[in-house]
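Shown next, in structure tokens, is the structure this report addresses.
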Ligand SMILES: Nc1ncnc2c1ncn2[C@@H]1O[C@H](COP(=O)(O)OP(=O)(O)OP(=O)(O)O)[C@@H](O)[C@H]1O
Ligand SMILES: [Mg+2]
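Structure follows, in structure tokens:
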């Protein structure tokens, strides 16, 4: 392991063992994050992105069985850490912006009181300064209200403030942080994250289904499919030379590639069952798949500067035209 690593994840597997059966949600996911690096995670709904973040934070429910050969934040072993040390790392070491803000807030407690739980008794001027940085200066006087009196985007920005700013974490796990925000506020939040990276060396795992947003902020991208990381590459490489057929299909489906009135290209089939297939999970939808793909799960290979899980990914790559 490099001593430079802020976060190390090796062979992470998460299975949800429910009354309705076993769901292998994350399978053999490995990656490293350096201080100041922003790693994007993309992939279809249900591909395991949020589960990866919850596993790192050790926030998965009891039905989840998590195994990994290593999961470290700096020198702390996230697999064995418990009690006060785990609580200490959450918030001050690692900040999480959850995908659903409402589930992190109490609906029956005024916001000001909830902010105090996180921040202690902060002088009003410091609180206003924090609110200002996420474009919420205008609500500073209304904090005695309850969460339902605020818009979804306002609550999302409050959580961004708590996770990314208030306690100065070294690592931010951001799960679709800008999805509910309009374009101008989204730009403001992205700028804030980039600024924190510049000033404080913040490392970020940034989950988004929006490749346009990923392209604006990320240094590297991991593409998930059926619980597996099928491709991980520097951002320019991923867009210029996508190696995995799923990544290629994803880029071809970007709406911006089509002018008005044209049909948006969809990836045929669904990801249903991809996390249970014996061979490559993408094989049922892949134009190149053969019997070998359907039988044998591909290992991760280095192709150029990309890590790819495909038997047939080639060094020449393929433009996503
Ligand atoms: N608590 C749970 N119990 C059982 N299965 C779960 C649980 N949480 C997630 N799953 C399953 O794990 C898989 C991965 O879910 P996850 O929420 O990580 O996907 P995601 O990539 O974040 O999707 P989205 O883009 O919709 O947020 C899905 O099949 C989901 O149904
Ligand atoms: Mg999710």
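Numbering (the numbering used here), first residue to last: 9 to 329. C-beta atoms are modelled at their ideal positions from N, C-alpha and C, and glycine is treated no differently.
(message) Suppose you measure from the CA of residue 51 to the CA of residue 158; what does that come to, to the nearest Å?
(response) 30 Å
(message) Looking at the strands, I want to know which residues DSSP matches up with residue 147.
(response) According to DSSP, residue 147 bridges with nothing at all.
(request) Identify every run of the alpha helix (DSSP H) within the segment 152 to 189, keeping only runs that are complete inside it and at least 4 residues long; order them along the chain. (result) 160 to 168
(message) So, under 8 Å CB-CB, residue 100 and residue 175 are touching, yes? Tell me the CB distance rounded to an integer number of Å.
(response) 5 Å
(request) Tell me whether the beta-carbon of residue 226 lies closer than 7 Å to the beta-carbon of residue 243. (result) yes
(message) Rounded to whole angstroms, what is the Cα-Cα separation between residue 67 and residue 296?
(response) 38 Å
(request) Go ahead and pull the three-state DSSP assignment for residue 320. (result) coil
(request) Could you tell me whether the segment 15 to 27 touches the segment 56 to 76, where touching means 3 or more Cβ pairs closer than 8 Å? (result) yes
(request) Taking all protein chains shown into account, decide if residue 239 is buried (16 or more other Cβ within 10 angstroms of its Cβ) or exposed. (result) buried
(request) Check whether the Cβ atoms of residue 229 and residue 246 sit closer than 7 Å, and answer yes or no. (result) yes
(message) Considering only the alpha carbon of each residue, which of 199, 188, 236 and 241 lies closest to residue 218?
(response) 188
(request) Leaving out five residues on either side along the sequence, give the residues of the same chain with a beta carbon under 8 Å from the beta carbon of residue 183. (result) 57, 58, 61, 104, 105, 106, 107 and 215
(request) Report yes or no: do three or more beta-carbon pairs, one from the segment 83 to 102 and one from the segment 28 to 36, lie closer than 8 Å? (result) no
(message) ligand 2 and residue 133: does the residue's C-beta get closer than 6 Å to at least one heavy atom of that ligand?
(response) no
(request) Using only the heavy atoms of ligand 2, determine whether one of them is closer than 6 Å to the beta carbon of residue 58. (result) yes
(request) Excluding the 5 residues preceding and the 5 following residue 139 in the sequence, name in chain order all residues of the same chain whose CB lies nearer than 6 Å to its CB. (result) 145 and 148
(request) Within the same chain, show all residues whose beta-carbon is closer than 8 Å to that of residue 38, passing over the 5 residues directly before and after it, in chain order. (result) 17, 18, 19, 20, 237 and 308
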